[in-house]
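Student:
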Amino acid sequence: MTLVGCSSQSAAPPSTPPAPPTTTSAPASAAYSPELCTAATEFQTAANAILQLDATKVGTEGVKAALQNLAAAGKKLANAAGSQFGPQVDALEQALGSLQTTIASIQDQATLSAKLGALTGSVAQVEAAAKPIVDSIRTGCPGVPPVATPPPS
């Protein structure tokens, strides 16, 4: 529509304007770089892995590794999405900073148990901040996995 508004001076000949909108709307879904598609896929995979994580089985180091994977994938997503998703990237980077602080505070199983609420909140913030980016990218990158649902307790 903005293309039609820009070409309002040549709105009299209707045969010329219809061709550009169909041409520009077709590649709009393919406007995401392979790097951005890969970053979104890695982020969603890491986020889904957190949902399937059993902290009692993997222990403190396993939880920290999964959280670090999410943080690294989030950082990669933020870097790849920077120019296209400015305000959303800012929110994601803030949430990632909070997650890193929480991860750094986990020393052992006791602190992991004590920080479980903070960890859950930090992960939820990261996922919420990334959601608008990943959801938008998913339309042009069919390889991005769907959001997993938590296993039944």
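When we follow this note's numbering, the leftmost residue of the sequence shown carries the number 852, and every step to the right adds one.
Glycine included, every Cβ here is placed at the ideal spot set by N, Cα and C.
Excluding the 5 residues preceding and the 5 following Glu-886 in the sequence, name in chain order all residues of the same chain whose CB lies nearer than 8 Å to its CB.
Tutor: On the sequence shown, position 35 is the one that residue 886 refers to. If we look at Glu-886 and ignore the five residues flanking it on each side, its Cβ neighbours are Ala-931.
Student: Do three or more CB pairs link the region 925-942 to the region 890-903 at distances below 8 Å?
Tutor: yes
Student: According to DSSP, is Ala-890 part of a helix, a strand, or is it coil?
Tutor: Sequence index remark: in the sequence shown, residue 890 carries index 39 (1-based). Here Ala-890 sits in helix by DSSP.
Student: Do you know how far the Cα of Ile-984 is from the Cα of Phe-894?
Tutor: Stepping through the sequence shown from its first residue, residue 894 is reached at position 43. Stepping through the sequence shown from its first residue, residue 984 is reached at position 133. So the two alpha carbons sit approximately 11 Å from each other.
Student: Determine the contact status of Ala-1045 and Ile-954, defining contact as a CB-CB distance below 8 Å.
Tutor: Within the shown structure, residues of the chain are numbered from 852 to 1004, placing residue 1045 beyond reach of any answer.
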